[in-house]
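Please read the structure below before turning to the comments.
Residue numbers (the numbering used here): 6 to 92.
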């Protein structure tokens with residue numbers, strides 16, 4: 006089941022509540038980093054490749070937590086501003 010945070014995040018993504026230039030830059034950066042990761046993975050020998058895979062997993066975990074944390078902070082700020090605007 007999708008958490009409330011994931012549902013709100015996906016809703017915001019689908020509503021295009023962001024700058025198109027930022028999205029373009031993000032997509033280019035993502036494509037470049039994915040290509041670089043693949044090239045590095047192919048260049049490493051087995052022990053180093055396994056260590057790099059662990060590193061990549063840890064980095065992804067950090068990104069996931071940062072995404073949730075920043076989203077929750079933004080949501081909290083938006084709710085606080087909305088409450089203040091109604092008073």
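Positions of the beta carbon are idealized from the N, C-alpha and C atoms, including for glycine.
Asked                                                                                                                            : Found
Straight-line Cα distance separating residue 71 from residue 85                                                                  : 21 Å
N- and C-terminal bounds of the alpha helix (DSSP H) containing residue 38                                                       : 25–48
Per-residue burial, residue 37 [other beta carbons within 10 Å of its own, 16 or more giving buried]                             : exposed
Chain-order list of residues whose beta-carbon lies under 7 Å from that of residue 80 (same chain, five-residue window excluded) : 13
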